[in-house]
Amino acid sequence: MIFTTAAVLGATLGTASGILTLCGLSLICRSCKKGKLESGEDADPEKAKPSVLHSSEQFSVEKSTEPIQPRTLLKFPKIYKPKPSVTSSEVISYPDHASEKGGEPSPEGPSTEPDAGNQATDSSDTFTILRQDSKDFTPCARDLTNGMTASSSILHPKLHFSLTYYTDQNELHITVIEAEHLCVGSGCEGYVAGVLTFAAGQREAQTSSRRLTSHTRWEEGLVFSLPGGYEVEGEVALSLHSCDRFSQNTNLGVMRFKLVDVGMMSNADCWVDLQPPKQQDVQSAGELLLSISYLPAANRLGVVVMKARGLQSDKLKDSIDLSVKLALKHQTTKLKKKQTRRVKHKMNPVWNEMMMLEVPRELLSKSSLDLEVLNQAGPGEQESLGRCQLGLQASNTGLQHWQQMLDNPRKQIAMWHPLYD
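Residue numbers (our numbering): -3 to 417.
Below is the structure:
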């Protein structure tokens, strides 16, 4: 019994010591293996041989919840194009222009220009700036090539003349040389008339009629007798007139000077702008409200006939049936006619009708609008209550309204126009 107990106790102790021995051996082997791995890292990686336990490529994997975006391996190539030609006299680069105004210079310094004939798309933008002191900058000039004006200035006809006073004969000789900037229709003839007004009365003289063009020459003389000399109170008026094939006389412009200025103007060539003639002091037959606009992209002229007021009541006793007739004219040729609806029993009629007219841009400077207010007095009988005209050949509000339309394309401009018989 004692022997059996000793045997069991010995077996138990042997097993425990064996287990402890195995654990110690495993720890020693693990530490030796770790030392070998650390010594292998310090050695030359090229001499290290790959094995199953120690691979030549090490990968590290990191977990992330963000989606993985593929990275582009190819770069988009630069696209080259021909270098644009510079047609303006002054070209200012935007970065240089900014640095001149006080901006900080670029840290990279001046950029090198690409080869001649090529320019990359990532180059700086180029802006063309025209100075006001340049010869090409003419703020008061009119551009008649496109039919639109560049500013609000109006180009009046010009008259070239000279005058001489002969003291021995007491005569004033005015030589009409030429006229330019004339805007008239084809087939029109014109002449220059001179009127001398002083205390003794009024005397007139005129040149012969010539076919009018944009530049017309006469080189003819007008002679006025001044028995008391030119140092008297009086004035001379020179006016340019045109006559069309219907024998309609139109005053294109007039200029005036005092007789006391003859001594200063004698033996000198004079270029003067003819001013529009003054509107005669006649009572208007009423007023017509119009709104006009021009659309350059569509070559369309829009005319809105809005309303009328102040029409003469003595012509509207029997019946009131009012309408407006519109005619588009190019020089003296009528191109288009339109008429509004008729409004009955109203002294101040309201139409608010728009009429669209197709007018090329280059014809605007020589086109005009004629409007007439009509009353249907009876069957087939229409009576005119008054007319007005719009265009560069018109005067007063007709000229002003047309000029504002040319200076403000695509904008509706309304204005009252007096009606005359």
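We treat Cβ as the ideally placed atom computed from N, Cα and C, and that holds for glycine.
The structure presented is a predicted model; accordingly, all values stated were derived computationally and were not measured.
Three or more pairs of CB atoms, one per stretch, sit closer than 8 Å, so the stretch 161 to 174 contacts the stretch 212 to 226. The continuous alpha helix (DSSP H) containing residue 400 extends over residues 393 to 403. By the Cβ-count criterion, residue 225 is exposed, with fewer than 16 other Cβ atoms from all chains shown falling within 10 Å of its own Cβ.
Contact annotation: the stretch 281 to 293 does not touch the stretch 332 to 339, with fewer than three C-beta pairs closer than 8 Å.
Its Cα nearest to that of residue 271, the residue 248 stands out among 248, 279, 162, 315.
Take the alpha-carbon of residue 283 and the one of residue 332: they are about 23 Å apart. Straight-line spacing of the CA atoms in residue 281 and residue 321 works out to 16 Å. Of all alpha-carbon atoms in 160, 381, 215, the one lying nearest the alpha-carbon of residue 257 is that of 160. Ranked by how close their Cα comes to the Cα of residue 194, the residues 233, 215, 187, 14 have 233 in first place. Taken in chain order, the whole beta strand (DSSP E) runs of length 3 or more contained in the stretch 272 to 347 are 283 to 291, 296 to 305, 317 to 326, 329 to 335. Spatial neighbours of residue 301 in its own chain (CB-CB distance under 6 Å, excluding positions within 5 residues in sequence) are listed in chain order as 320, 336, 347, 349.
Straight across, the Cα-Cα distance linking residue 405 with residue 413 is about 20 Å. Residue environment for residue 354: exposed (fewer than 16 other C-beta atoms within 10 angstroms of its C-beta).
If you ignore the 5 residues before and after residue 210, its C-beta comes within less than 6 Å of the C-beta of 178, all in its own chain and listed in chain order.
Just so you know, the alpha carbons of residue 15 and residue 28 end up roughly 20 Å apart.
The continuous stretches of beta strand (DSSP E) do not include residue 355, and DSSP gives it neither H nor E.
A direct Cα-Cα distance of roughly 12 Å separates residue 364 from residue 391. Boundaries of the alpha helix (DSSP H) around residue 258: 258 to 261. Taken atom to atom, the span from the alpha-carbon of residue 380 to that of residue 292 is near 33 Å. Put simply, the backbone Cα of residue 156 is about 25 Å away from that of residue 387. Here DSSP, grouped into helix, strand and coil, assigns residue 16 to helix.
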